[in-house]
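Just so you know, our numbering puts the end of the sequence shown at 670, numbered straight through with nothing missing.
Glycine included, each C-beta is placed from N, C-alpha and C at the ideal position.
Being a predicted model, the structure only gives us computed values, none of them experimental.
Please read the structure below before turning to the comments.
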Amino acid sequence: MSNGTSAVFFTVLGLSGSRLAKSKKEKEIIIWLLEKDQKYIGRGAIGFDICDMPWEIDTFEEEKKFLLNVIKKVKERVGWKTLNYNPNEEFIIPNIDILLDMIVEFDPKYIDENNYKEWLDASDESDPLNQGFPVCEKHKMLLTCFGCYACNYGG
Numbered sequence: 516m517s518n519g520t521s522a523v524f525f526t527v528l529g530l531s532g533s534r535l536a537k538s539k540k541e542k543e544i545i546i547w548l549l550e551k552d553q554k555y556i557g558r559g560a561i562g563f564d565i566c567d568m569p570w571e572i573d574t575f576e577e578e579k580k581f582l583l584n585v586i587k588k589v590k591e592r593v594g595w596k597t598l599n600y601n602p603n604e605e606f607i608i609p610n611i612d613i614l615l616d617m618i619v620e621f622d623p624k625y626i627d628e629n630n631y632k633e634w635l636d637a638s639d640e641s642d643p644l645n646q647g648f649p650v651c652e653k654h655k656m657l658l659t660c661f662g663c664y665a666c667n668y669g670g
């Protein structure tokens, strides 16, 4: 996936996921995804493995169901009207479908709950993750330690 496609990919996941996330864990999952921000992490350095996500074995099925619903809502363009551009579906939807397939096929025996714990432990007290999950006024997107993902990319 190109850098530009990656930016839009995470933007549309964040728009959909931020609107659907109700529980603390759902919000954490979306923030974890939105922290894959190449403006701050580095271009070409934001990939991830499905097993690295902040899954928990006991709640995996609920987390999986949530993410599959997020993907469904991406395809319905949830939140896209808040952007200053129209995401190119020819690039985004095939990549969203790949993510969908990877989540559907993922075997929870590969979950390493230390990934979740380490991610939480690495967060700073001032991180939005620890400040009640604020959202961007314009995009209604959960904020990360880097701010609003959509705003960071001119959305």
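**Report entry** Residue environment, isoleucine 586, which counts as buried when at least 16 other CB atoms sit within 10 Å
**Finding:** Flag for isoleucine 586 reads buried.
Query raised in the report: Grouping DSSP H, G and I as helix and E and B as strand, with all else coil, what is isoleucine 650?
Result: It should be noted that the sequence gives valine, not isoleucine, for residue 650. In this structure, valine 650 counts as strand in the three-state DSSP scheme.
Query raised in the report: Is any beta-carbon of chain B found at less than 8 Å from that of valine 523?
Result: Looking for chain B here will not work: only one protein chain is present.
**Report entry** N-terminal and C-terminal residue of the alpha helix (DSSP H) that tyrosine 668 is part of
**Finding:** Annotation for tyrosine 668: no alpha helix (DSSP H) segment contains it, and DSSP assigns it neither H nor E.
Report task. Drop a sphere of 10 angstroms on the beta-carbon of tyrosine 491, count the other beta-carbons inside from all chains shown, and report buried for 16 or more, exposed for fewer. Result -> As shown, the chain starts at 516 and ends at 670. That puts residue 491 outside it, with no answer to give.
Requested in this report: Tell me whether leucine 549 sits in a helix, a strand or coil according to DSSP, three-state version.
Outcome: Note: leucine 549 maps to helix in three-state DSSP.
Report task. Please state whether DSSP places leucine 657 in a helix, a strand or coil. Result -> Leucine 657: strand per DSSP, three-state reduction.
Report task. Can you grab the Cα-Cα spacing for the pair asparagine 627 / leucine 635, in whole Å? Result -> Inspection of the sequence shows that residue 627 is occupied by aspartate rather than by asparagine. The alpha-carbon atoms of aspartate 627 and leucine 635 are separated by roughly 14 Å.
Query - DSSP state of glycine 662 mapped onto helix, strand, coil - result: Looking at glycine 662 - three-state DSSP - the assignment turns out to be strand.
**Report entry** glutamate 578: CB within 7 Å of a non-hydrogen atom of the ligand ADP
**Finding:** Annotation note on the ligand ADP: not contained in the displayed structure, which lists no ligands.
Query raised in the report: Considering only residues of the same chain and omitting the five flanking positions on each side of leucine 615, which have a CB-CB separation below 6 Å?
Result: Ile586, listed in sequence order.
Query raised in the report: Over what stretch of residues does the alpha helix (DSSP H) that includes phenylalanine 606 continue unbroken?
Result: Where phenylalanine 606 is concerned, the enclosing alpha helix (DSSP H) stretches over 604 to 620.
Report task. Can you grab the Cα-Cα spacing for the pair lysine 590 / isoleucine 608, in whole Å? Result -> Roughly 7 Å between the two C-alpha positions.
Query raised in the report: Should glutamate 640 go down as buried or exposed, given a rule of 16 or more other Cβ atoms within 10 Å for buried?
Result: Burial call: exposed.
Requested in this report: Please go through the same chain and pick out, in chain order, the residues whose beta-carbon is closer than 6 Å to the beta-carbon of leucine 644, but skip the five residues on each side of it.
Outcome: Cβ within range, chain order: Ile546 and Ser638.
Query raised in the report: Can you give the Cα-Cα distance for valine 619 and lysine 579, rounded to whole angstroms?
Result: C-alpha separation (whole angstroms): 8 Å.
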